[in-house]
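Peer 1: Below is the structure I would like to discuss, written out as structure tokens.
Number of protein chains: 2
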Amino acid sequence: MSDADASVGAAPVRATRAPRRDAAANRDALIAAAALLLNRDPAVSLEAIAAEAGLSRRSVYGHFATRDDLVREVSLRGAARIGVAARPAPIADPVVQLASLAARLWAEVEHVRVMAQLTVRGPMAHEVGEALAPLRKAVRDLVRRGVESGRMRDDIAPRTLAHLVEGAALSVLDEATTQRLSRAEGHRLVMLAVLGVVGLDWRSAGELVASSPELALPAAPPTSPPTGTASPTGTPSPTGEPA
Amino acid sequence: MSDADASVGAAPVRATRAPRRDAAANRDALIAAAALLLNRDPAVSLEAIAAEAGLSRRSVYGHFATRDDLVREVSLRGAARIGVAARPAPIADPVVQLASLAARLWAEVEHVRVMAQLTVRGPMAHEVGEALAPLRKAVRDLVRRGVESGRMRDDIAPRTLAHLVEGAALSVLDEATTQRLSRAEGHRLVMLAVLGVVGLDWRSAGELVASSPELALPAAPPTSPPTGTASPTGTPSPTGEPA
DNA sequence: AATAAGTTGCACATGCCTGTGCAAGATCGT
DNA sequence: ACGATCTTGCACAGGCATGTGCAACTTATT
């Protein structure tokens, strides 16, 4: 009934009937709402999340056994998308490639920020941290290659430099949410910030960004059309509290 | 008695006797402990803070009426120290001055980080934010002057650039606590990071730092001698739980 | 329309945290 | 040594959040 049994996975053992489709949509809405609110406050109450998703707190337990389960799901999705973005592009120059990575990360701002928020504290900080491990490794490798090829600064230990790159990128991502950066502005800013930290002077960085076709802003705004009842990715619900 | 009446301020109306000196020391220990733990978790319990200070939770209420009062006190002290550090040095070049500001901020890592933590969330985010206003303004002015004089990049709006500078500095400060950066390393890193964000190429930044006597690492480690029982500024107490 | 799948509201248990009252200490100041 | 000044432990109230059991109710599916 109201217990956690929403197994919307594979192998539907249709004993009597197929599960309702709107349930899955609501589940997605919950995850989206959680992601949105966890961005601002890693300790949001289920009440708030449910309200944002247009559901009642009680219903959440129909989809997730535990609050942590919800959060885990959010972080898993985030990790997946980031993992995709972290796959190295076929670019020779490590500098350009780093900028490219930053730009692709920018396309996933929301997810990246959620992950960053969750990494800081909480019971699953470790798990989430491990989920981001491939990203971190990618940055580290890129920096190492960049330093070896003489295209990046060597006055800071590569390990440390990699951390600073992360930090700079996150700064822009933060800036993106507090101010209202457009896609284009964010795209440019992350790259410039990262390149600056890595040692390039600002004119070279600007020229590089302008002249590298790989670093151009991709076309499609990722606003995917809704699949079910509640909007999954964009603004979840204009209504506020249910009371 | 046990209520909040520890008025250790000025104008001692010594009706019957002078207040005990260890009380003031404990108060300081509490603030120090709070600062230390708030760095890691803005939501630490009073229990934990009291334990860190070597006191019981109950005793805290002998010094502060509410938890928020304690936190407020911590933030006030932090703001004060940062305010001092933010006073512009008598340096003409805005670039050098920005680096100098970053370095002076580095000397106050602990305090800066506490403030940063508190700014993020919590009931007094606004207050704390205002306490940091002078710092922010200093950075903004420096950046504006730097851009106008052509010594800093002009491909990013000064306002935004100022934010990125803040972010980069905080990254180093974070790095400082997770890794164990020495004073010297941190000193150099903040400056290099900030200069990088602001548009300098890494060699110029390095030379600037090396050649500017104003940017040299000051001598004295700020471990001030204890005034009373518990150590006020440095490590508060090596003992753990009181139980 | 019938029925299972989801949802909701309420009540309740639990846990963690803050804040207080009070009595019994420990400790500094004189 | 005396006494005021802290400190402590315990008990208790209140608040907020999670998680659960039920009995309705609404809605998608067949």
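Respectively, the protein sequence lines represent chains A and B.
In this text, residue positions in the first sequence follow numbering that gives the first Met the number 0: the first is 0, and each later residue adds one.
In this text, residue positions in the second sequence follow numbering that gives the first Met the number 0: the first is 0, and each later residue adds one.
Where a beta carbon is used, it is the ideal one built from N, C-alpha and C, also for glycine.
Treat the numbers as computed from the prediction; the structure is a model and nothing was measured.
(1) Nearest-angstrom Cα distance between GLY149/A and ASP67/B?
(2) Taking the beta carbon of GLU109/A as the centre, do at least 16 other beta carbons fall within 10 Å, making it buried, or is it exposed?
(3) Does the beta carbon of GLY195/A sit closer than 8 Å to a beta carbon anywhere in chain B?
(4) Quick one: give me the first and last residue of the alpha helix (DSSP H) that GLU206/B is part of.
(5) Within the 8 Å Cβ cut-off, does THR65/A reach chain B?
(6) Can you give me the Cβ contacts of VAL111/A inside the same chain, cut-off strictly under 7 Å, excluding the 5 residues immediately before and after it?
(7) Go ahead and label GLN96/B buried or exposed: buried means 16 or more other beta carbons lie within 10 angstroms of its beta carbon, across all protein chains shown.
(8) For LEU131/A versus ALA78/A, is the C-beta distance shorter than 8 Å?
(9) Once you ignore the five residues that flank MET123/A on each side, which residues in its own chain have a CB closer than 8 Å to its CB?
(10) Between which residues of its own chain and ALA161/A is the CB-CB distance below 6 Å, once the five residues before and five after are set aside?
(11) Looking at ARG158/B: is its Cβ nearer than 8 Å to the Cβ of VAL197/B?
(12) Kindly indicate the opening and closing residues of the alpha helix (DSSP H) around GLY53/A.
(13) Assuming the contact rule is C-beta atoms closer than 8 Å, GLU174/B and LEU163/A should be a hit. Round their C-beta distance to whole Å, please.
(14) Between which two residues does the alpha helix (DSSP H) holding ILE90/A run?
(15) For HIS125/A, count neighbouring Cβ atoms within 10 angstroms of its own Cβ and tell me buried if that reaches 16, exposed if not.
(16) ASP173/A lies in the alpha helix (DSSP H); which residues open and close that run?
(17) Name the residue from ALA85/A, ASP154/A, ARG120/A, ALA52/A whose alpha carbon lies nearest to the alpha carbon of ALA22/A.
(18) Does any residue of chain A bring its CB to less than 8 Å from the CB of ARG16/B?
(19) Please list, in chain order, all residues of the same chain as ARG120/B whose beta carbon is under 8 Å from its beta carbon, the five residues on each side excluded.
(20) For the alpha helix (DSSP H) containing LEU75/B, name the first residue and the last one.
(21) Of all the CB atoms in chain A, is at least one closer than 8 Å to the CB of GLU174/B?
(22) Which same chain residues end up closer than 6 Å to LEU216/A when comparing Cβ atoms and leaving out the 5 residues on each side of it in sequence?
(23) Could you work out which residues of chain B lie near ALA167/A, taking near to mean beta carbons separated by less than 9 Å?
(24) Tell me which residue opens and which closes the alpha helix (DSSP H) that HIS186/B is part of.
(25) Mind checking if GLY205/A is an interface residue toward chain B, Cβ cutoff 8 Å exclusive?
(26) Which residues of chain A have a Cβ atom closer than 7 Å to the Cβ of LEU199/B, listed in chain order?
(27) At the 8 Å Cβ level, is ASP154/A part of the contact set with chain B, yes or no?
(28) Report the residues of the region 100-120 of chain A with a CB closer than 8 Å to any CB of chain B, ordered along the chain.
(29) What separation, rounded to the nearest whole angstrom, lies between the Cα atoms of LEU207/A and LEU207/B?
(30) Run down chain A in chain order and give the residues with a C-beta less than 9 Å from the C-beta of LEU188/B.
(31) Does DSSP classify ALA218/A as helix, strand or coil?
(32) On the criterion of 16 or more Cβ atoms from any shown chain inside 10 Å, does PRO212/A qualify as buried, or is it exposed?
(33) Using the Cβ count rule (16 or more neighbours within 10 Å means buried), how would you classify PRO237/B?
(34) Once the 5 residues before and after VAL113/B are set aside, which same chain residues still bring their CB inside 8 Å of it?
(35) Tell me the rounded alpha-carbon separation between VAL7/B and GLU129/B.
Peer 2: To lay it out plainly:
(1) Whole-angstrom Cα-Cα distance: 51 Å.
(2) By the beta-carbon neighbour count (other beta carbons within 10 angstroms, threshold 16), GLU109/A is buried.
(3) Taking Cβ atoms only, chain B reaches closer than 8 Å to GLY195/A, which makes this a yes.
(4) For GLU206/B, the enclosing alpha helix (DSSP H) starts and ends at 201-210.
(5) Taking Cβ atoms only, chain B never reaches closer than 8 Å to THR65/A, which makes this a no.
(6) These residues qualify, in order along the chain: ILE81, LEU104, LEU172.
(7) Of the other Cβ atoms in all chains shown, 16 or more fall within 10 Å of the Cβ of GLN96/B; this residue is therefore buried.
(8) Yes, Cβ-Cβ distance for LEU131/A and ALA78/A is below 8 Å.
(9) For MET123/A, where only same-chain residues beyond five positions count, the Cβ hits under 8 Å are ASP67, VAL70, ARG71, SER74, LEU117.
(10) The answer, listed in chain order, is VAL138, ARG139, VAL142.
(11) The Cβ atoms of ARG158/B and VAL197/B do not sit closer than 8 Å to each other.
(12) Note, GLY53/A: premise wrong, no alpha helix (DSSP H); not H, not E.
(13) So it is a contact: roughly 7 Å between Cβ atoms.
(14) Per DSSP, ILE90/A is not a residue of any alpha helix (DSSP H), being assigned neither H nor E.
(15) Exposed is the label assigned to HIS125/A, since fewer than 16 other Cβ atoms lie within 10 Å of its Cβ.
(16) Looking at the DSSP string, the run of the alpha helix (DSSP H) that includes ASP173/A is 157-177.
(17) Of all alpha-carbon atoms in ALA85/A, ASP154/A, ARG120/A, ALA52/A, the one lying nearest the alpha-carbon of ALA22/A is that of ALA52/A.
(18) Not one chain A Cβ lies under 8 Å of ARG16/B.
(19) Take ARG120/B, set aside five residues on each side of it, and the residues of its chain with a beta-carbon closer than 8 Å to its own are PRO41, in chain order.
(20) Counting along the chain, the alpha helix (DSSP H) containing LEU75/B begins and ends at 66-85.
(21) At least one chain A Cβ lies under 8 Å of GLU174/B.
(22) These residues qualify, in order along the chain: ALA183, HIS186.
(23) Simply LEU163, GLY166, ALA167, SER170, ALA192, GLY195, VAL196.
(24) From DSSP, the alpha helix (DSSP H) with HIS186/B extends over 182-196.
(25) At least one chain B Cβ lies under 8 Å of GLY205/A.
(26) By Cβ distance, chain A contributes ASP200.
(27) Against chain B, the CB of ASP154/A has a partner CB under 8 Å away; the residue lies at that interface.
(28) Flagged, chain order: ARG120.
(29) If you draw a straight line from the Cα of LEU207/A to the Cα of LEU207/B, it comes to about 25 Å.
(30) By Cβ distance, chain A contributes ILE155, THR159, LEU163.
(31) ALA218/A: coil per DSSP, three-state reduction.
(32) Exposed, since its Cβ has fewer than 16 Cβ neighbours within 10 Å.
(33) Unreliable positioning characterises PRO237/B in this predicted model, as indicated by a pLDDT of 38, which lies under 50. The coordinate reading is nonetheless provided below. Classification for PRO237/B: exposed.
(34) ALA34, LEU37, ASN38, VAL73, SER74, GLY77, listed in sequence order.
(35) The predicted position of VAL7/B is uncertain, since its pLDDT is 40 and thus under 50; a value taken from the coordinates is nonetheless stated next. Each residue's alpha carbon lies about 26 Å from the other.
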